[in-house]
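Student:
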Amino acid sequence: MRIEPLALLLVGCVSSAATFDDTRALLPREAQVQTVARRAPAEELSARARQLLARPLDAQAAVEIALVTSPALQAELAGLDVALADLITMSRPTNPELEVEAMFAREGDEEPELTIELGFVLSDLLYAPLRRRIAGEELAAARVNAAGAVLDHAYAVRVAFVELQAAQMLKQTLDAVVASLRASWELTEALREAGNVPGLDVAQQYALYEESRLALAQAELAVALGRERLHVLLGLAGEETGWELAGDLPVPDELALEEDSLESRALDRSFELLAQRHRLEALARRSGLLRSMAAIPEVHAALSAERNGEGAWALGPVVGVQLPVFATGQGPARAAVAKLEVEQHRYAELAVRVRSAARAARHRFVTARERLSFVETTLLPARQAVLAESLLQYNAMALGVLTLLQAQRDLIGAQRAAVEARRDYWLARLELEQVLAGRMVEGSRVEVPGFENAEPAGGH
Amino acid sequence: MDQSKKDRDASLGAVESVEPTDSLAVVREVRTSRRGWLAGASALAAATLAKRALAQAPAHDHAAHAASATASESPTARATGGETPAPRARRSPADAAAARPTPRELIVPPQFDPIDRDDRYVPAVVPNGRTLPFRMVNGVKVFHLIAEPVRHAFCEGMEVEAWGYNGTTPGPLIEAVEGDRVRIYVTNRLPEATTVHWHAVILEAGMDGVGGLTQRNIEPGETFRYEFTFRSAGTYMYHPHWDEMTQMALGMMGMMIVHPRRPATPRIDRQFALMLSEWQVRPGAARPNPLAMNDFNLVTFNSRVFPGTEPLVVEKGQRIRMHFGNLSPMDHHPVHLHGYAFRTVATDGGPIPPSAQVPDTTSLVPTGACRVVELVADHLGDWAMHCHMTHHVMNQMGHDLENTLGMARDRVRQLDRRIGAQVPGYMTMMQDGMGGMSEMGMPTPGNSIPMRGGAGPFGLIDMGGMFTILKVRQGLGGNYADPGWFAHPEGTVARAATPSELSADGIEV
């Protein structure tokens, strides 16, 4: 009779709403606020998204939209409900079995004999608390993975946003290159009209101009594809895709690196490690359960009521014990122990990878920061100086217009390098922040020539 | 004999007795010789500083290089644990040249009075230059040339690190008289070896100054002695004959005038020595480029460009001679004089017989040759004299740029807008011609004189380079300072025609 309350309690503990809230509690504060809206009615969500899309979209708003409307993220969180249902099922003891047996006499008029037996596996009641704890650990692991998926999605949105901003800025530099080469072409055209240069000079400049337009078309495609990637991550379609991008990549603010605690912070906050710990706990408990089951034979108990042909009832208990003659239960118990050992090794390996991911993210970030600083404080001024000196040489009639414009395009090249450096800075910073928030990054977006980005993904 | 004269005598003896073979000997030589020859009391310290500066410069460079070799040059080295060298202060070549001590600051220029005089001839005038002092020692005329780096101004606003003699380029004029025995000491203060070749002088082969052929080189710090007799009157030159490509491109050259023992008749009243040369110094740079073979952009009289050339001032009626010597690396110069016809009376090979002299207005002076022209200055006025190669009267003009002449005005406006948007400050040039471009006031590199002309009495004189002015005046009274612009007699200056004049002569415009 105590079975049902126990089962209800378990169900209550793992209800969908509670699971969502518990999952949300695992997230950083910013993501918590944004995921609150997910539970609002769909109409409200759409209105909020439309409101955010109506003004120039920044990274913050993009993340908010993604967390409230992204089908991908919704699917990820709905999957948590599936896991929850599975776990509820696993947490309940075996249902009692009611057996009714009627025996009709072939001769005579005796009433049929009835046998009614309500039986259940007695040992299940013994193991129920253990099963519940196992289920609790596995549910906790599922919650952690779901929270990690939220972080992953927000990270993916921020990365896509940074890359779109960079693509937009790179496209603008190509606009300037096209304008410069158009000026060169028009100059030679004017010189040819004046009779000063042959058609070859014009043709050469014209070819360069048209080549630059082709490069510009590719840059425009990169912007369009960058927007499409965001549309998928944000779950936008139709009229919702007409949003305007807000501004350029921001000038980086100071990020204090607590070098000594990077690895420990990554370890402490690692969602992968936390989930693995829950899994290990579940495995350990499962191993204990199986060992107990191997040691204690399965006991069936039943209450049997029997009515004979004369209508008299007899009531009595039935107890059965499984004799561990052939299946002793040692095999599953040993397998569980072995699996636990396997996962313990994987936990240690995962911890190594988390530490390495923290260091790698730190290397990428610091290098990207140095590179950005170098480009902005050294390379750009150097190219600006070349252009300024070229203008002086042009004024001194020691250098021609085409060479002057080439110096201007060289400056644009440095500006492109500055955009790429700023993009890589933000990508590296997002990666570092993601690792420190507890999620390893699968396939770093910060490209290192000559090095294949093959960072290990989260081990879940 | 006063004390200074004693010092001079002592210094001559010291120079003869010293053959420095090490740096200390060089300093001793500097000390002993300059005490007599140079007026500056700080010469020793200055020369020592100069020597030290020369010695330290490469050592510093090596040290810097060695330091940088141990550190990563990667701009992100700090991120990955490497060392980033301290950023070097960026300075323009002109700034760098101005910052370090110049030879002129280190070595007191030999602006001293002639030690001895030679009254057998009227000394030639060297516009923008001077004559080498000498001393008579036992009947031998003794000179001392010092080959050294010099800081040289082509005109106001344009200075370079050049090489020359006794603080100047060209080196000072050497004057002597036919039959004179001369002893010329040559001290080498250059960073490399040198020699001196006495161009066109007939002398003993061992005195001809060709490195490797007739003598060993004069190594840095050494002083060599040349001695020979000027057998013939004439106009000659001197220049290095070791790495002459570098040394002459940087200004090492000078002229020599050997006057006839029996003065020519009729008497020559006034003579000018003019060394012709050409250089390549990019606008904003501060050192001539010895690698240049074609694109020279500074063409000079006595290493000066107009408007930095001193005028040639003469009294009306004077018989004058101009001694041209051309040691340009690659070019000849047709020097044209306005207002006069002259006769070329001699080359560096000797006098031209009167029967072979022809009247001319332009004297083509080949490189490696001298021409002496003579005229009687009987036309008052300011008369231009210049190389008639048009690019030789331009200052620092480049030649590898687009010819925009004749471009349509609307096109120019369109380009100015389009390119100006990309390169603020841009302005299309030359589309209507290049006259008066120096007055456009566009910012140009420091230490440069691109397209520079000079002020004249009627506006800009739109020429530079190898251009000067012969000023013929009356009543100078022996004062040959620049008399200013010529005051033209009434009605003798070209002016705009009036409508009535045009109409009277049937001219329709």
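Chains as they are written, first to last, in my numbering: chain A, 43 to 502; chain B, 106 to 614.
Virtual Cβ for every residue (Gly too), placed ideally from N, Cα, C.
#1: Beta-carbon within less than 6 angstroms of W590/B's beta-carbon, same chain only, minus the 5 sequence neighbours each way: which residues are those?
#2: Am I right that G389/B and L434/A are in contact with their C-beta atoms under 8 angstroms? What's the rounded C-beta distance?
#3: In chain B, what lies closer than 7 angstroms to S222/A by C-beta?
#4: In chain order, what residues of the same chain have a beta carbon less than 7 angstroms from the beta carbon of H344/B, not counting five sequence neighbours either side?
#5: Just verifying my parser: in three-state terms, what is the DSSP assignment at Y251/A?
#6: Using a cut-off of 9 angstroms between C-beta atoms, extract the partners of V244/A located in chain B.
#7: Quick check on Y197/A: does DSSP put it in helix, strand or coil?
#8: What do you get for P491/A, buried or exposed, if any count of 16 or more other CB atoms within 10 angstroms of its CB means buried?
#9: Considering only residues of the same chain and omitting the five flanking positions on each side of P395/B, which have a CB-CB separation below 7 angstroms?
#10: If contacts are defined as beta-carbon pairs under 8 angstroms, then D392/A and L315/A qualify, I think. What distance do you get, rounded to the angstrom?
#11: Pick helix, strand or coil for L308/B, following the three-state DSSP scheme.
#12: How many angstroms separate the CA atom of A397/B from the CA atom of V386/B?
#13: Below 8 angstroms CB to CB, which residues in the same chain sit around R255/A once its five sequence neighbours on both sides are set aside?
#14: Decide yes or no for the touch test of the stretch 232 to 243 of chain B against the stretch 309 to 327 of chain B: beta carbon pairs closer than 8 angstroms, at least 3 of them.
#15: Pull up the distance between the alpha-carbon of L565/B and that of V614/B, whole angstroms please.
#16: I'd like to know if V56/A contacts chain B, where contact means its C-beta is closer than 8 angstroms to some C-beta of that chain.
#17: Where do the ends of the beta strand (DSSP E) carrying F329/B lie?
#18: If we define contact as Cβ-Cβ less than 8 angstroms, is V443/A a contact residue for chain B?
#19: Anything in chain B within Cβ reach of L447/A, meaning under 8 angstroms, just list it in chain order.
#20: Name the two residues that bound the continuous beta strand (DSSP E) containing E507/B.
#21: Are A482/B and G580/B closer than 8 angstroms when you measure CB to CB?
#22: Quick one: measure Cβ to Cβ for A391/B and E266/B, integer angstroms, because I've assumed they're closer than 8 angstroms.
#23: Quick check: what's the CA-CA separation for L519/A versus V124/A?
#24: Beta-carbon of G237/A versus every beta-carbon of chain B: anything under 8 angstroms?
#25: Give the DSSP-derived three-state secondary structure of I107/A in the structure shown.
#26: Distance cutoff 8 angstroms, beta carbons only. Does T420/A sit that close to anything in chain B?
#27: So, at 8 angstroms on beta carbons, what are the nonlocal neighbours of P588/B in its own chain, with the 5 sequence-adjacent residues on each side left out?
#28: For R321/A, collect the residues of the same chain with a Cβ closer than 8 angstroms to its Cβ; drop the 5 residues on either side in sequence, then sort them by chain order.
#29: Report, in whole angstroms, the separation of the C-beta atoms of A451/B and T340/B, which I expect to be a contact under 8 angstroms.
#30: Label M439/A either buried or exposed according to how many other C-beta atoms from any shown protein chain fall within 10 Å of its C-beta, with 16 as the threshold for buried.
#31: Reducing DSSP to helix, strand and coil, say where G314/B ends up.
#32: Excluding five sequence neighbours on each side, which residues of the same chain lie with their C-beta closer than 8 angstroms to the C-beta of Q536/B?
#33: Hey, is P550/B's beta-carbon within less than 8 angstroms of any beta-carbon in chain A?
#34: Buried or exposed for P292/A, going by 16 or more other Cβ atoms inside 10 Å?
#35: Classify G190/A as helix, strand or coil using the three-state DSSP reduction.
#36: When the distance is taken between beta carbons, is V282/B closer than 8 angstroms to D221/B?
Tutor: Working from what's here:
#1: Here the question's residue 590/B lines up with position 485 in the second sequence. Excluding sequence neighbours, W590/B sits near P562.
#2: In the second sequence, the residue the question calls residue 389/B occupies position 284. In the first sequence, the residue the question calls residue 434/A occupies position 392. So it is a contact: roughly 7 angstroms between Cβ atoms.
#3: Walking along the first sequence from the start, residue 222/A turns up at place 180. Correct list: Q527.
#4: Locating residue 344/B in the second sequence gives position 239, counting from the first residue. So the list reads H302, H304, M353, M357, M358 and L432, once near-sequence residues are dropped.
#5: For the purposes of this step, residue 251/A is identified with residue 209 of the first sequence, where counting begins at 1. Helix, per DSSP.
#6: Position 202 of the first sequence, counted from the first residue, corresponds to residue 244/A. The contacting residues do not exist; V244/A stays about 12 angstroms from chain B at best.
#7: Counting from one through the first sequence, the residue named residue 197/A turns up at place 155. In this structure, Y197/A counts as helix in the three-state DSSP scheme.
#8: Working through the first sequence from its first residue, we reach residue 491/A at position 449. When all chains shown are included, P491/A counts as exposed.
#9: By 1-based counting over the second sequence, the position of residue 395/B is 290. These residues qualify, in order along the chain: M350, T351, A354 and L355.
#10: Taking the first sequence and counting its residues from 1, one reaches residue 392/A at position 350. Taking the first sequence and counting its residues from 1, one reaches residue 315/A at position 273. Sequence check: residue 392/A is Leu here, not Asp. Right, the Cβ-Cβ distance comes to about 6 angstroms (below 8 angstroms), so this counts as a contact.
#11: The count along the second sequence starts at 1 and reaches residue 308/B at position 203. Of the three classes helix, strand and coil, the one that applies to L308/B here is coil, per DSSP.
#12: Here residue 397/B refers to the residue found at position 292 of the second sequence. Here residue 386/B refers to the residue found at position 281 of the second sequence. Their backbone Cα atoms lie some 9 angstroms apart in a straight line.
#13: Taking the first residue of the first sequence as position 1, residue 255/A is located at position 213. So the list reads V220, once near-sequence residues are dropped.
#14: no
#15: Within the second sequence, residue 565/B is the residue found at index 460, counting from 1. Within the second sequence, residue 614/B is the residue found at index 509, counting from 1. Going from the Cα of L565/B to the Cα of V614/B covers about 26 angstroms.
#16: Within the first sequence, the letter at position 14 stands for residue 56/A. With a pLDDT of only 39 at V56/A, under 50, the local geometry of the prediction cannot be trusted, and the value read off the model is given with reservation. Judged by the 8 angstroms Cβ criterion, V56/A is not in contact with chain B.
#17: Translated into the one-based positions of the second sequence, residue 329/B becomes position 224. Run containing F329/B: T328 to T334, per the beta strand (DSSP E) assignment.
#18: Taking the first residue of the first sequence as 1, we reach residue 443/A at position 401. It does: the Cβ of V443/A has a partner Cβ on chain B nearer than 8 angstroms.
#19: For the purposes of this step, residue 447/A is taken as residue 405 along the first sequence, with counting starting at 1. The answer, in chain order, is I524, Q527 and V528.
#20: Locating residue 507/B in the second sequence gives position 402, where the first residue counts as 1. Element bounds for E507/B: n/a, residue is neither H nor E.
#21: For the purposes of this step, residue 482/B is identified with residue 377 of the second sequence, where counting begins at 1. For the purposes of this step, residue 580/B is identified with residue 475 of the second sequence, where counting begins at 1. Taking 8 angstroms as the Cβ cut-off, A482/B and G580/B do not qualify as a contacting pair.
#22: Here the question's residue 391/B lines up with position 286 in the second sequence. Here the question's residue 266/B lines up with position 161 in the second sequence. Right, the Cβ-Cβ distance comes to about 6 angstroms (below 8 angstroms), so this counts as a contact.
#23: Since the displayed chain A opens at 43 and closes at 502, residue 519/A lies outside it and no answer follows.
#24: The sequence position of residue 237/A within the first sequence is 195, counting from 1. Answer yes: the Cβ-Cβ gap between G237/A and chain B drops below 8 angstroms somewhere.
#25: Reading the first sequence from its first residue, position 65 is the one you call residue 107/A. Reduced to three states, the DSSP call for I107/A is helix.
#26: Position 378 of the first sequence, counted from the first residue, corresponds to residue 420/A. With 8 angstroms as the cut-off, T420/A counts as an interface residue toward chain B.
#27: The count along the second sequence starts at 1 and reaches residue 588/B at position 483. So the qualifying residues of the chain are V418, K576, R578 and L581.
#28: Translated into positions along the first sequence, residue 321/A becomes position 279. Cβ neighbours of R321/A beyond the five flanking positions: E179, E180, A183 and E385.
#29: The sequence position of residue 451/B within the second sequence is 346, counting from 1. The sequence position of residue 340/B within the second sequence is 235, counting from 1. The pair is a contact, with the Cβ atoms about 6 angstroms apart (cut-off 8 angstroms).
#30: Start at 1 with the first residue of the first sequence, and residue 439/A comes out as number 397. Flag for M439/A reads buried.
#31: Within the second sequence, residue 314/B is the residue found at index 209, counting from 1. Coil, per DSSP.
#32: Looking up residue 536/B in the second sequence gives position 431. So the list reads T509, L510, G511, M512, R514 and V517, once near-sequence residues are dropped.
#33: As a working note, residue 550/B is residue 445 in the second sequence. So, interface residue.
#34: By one-based count along the first sequence, residue 292/A stands at place 250. The residue is exposed, with fewer than 16 neighbouring Cβ atoms inside 10 Å.
#35: By one-based count along the first sequence, residue 190/A stands at place 148. Helix, per DSSP.
#36: As a working note, residue 221/B is residue 116 in the second sequence. As a working note, residue 282/B is residue 177 in the second sequence. Not closer than 8 angstroms, so no.
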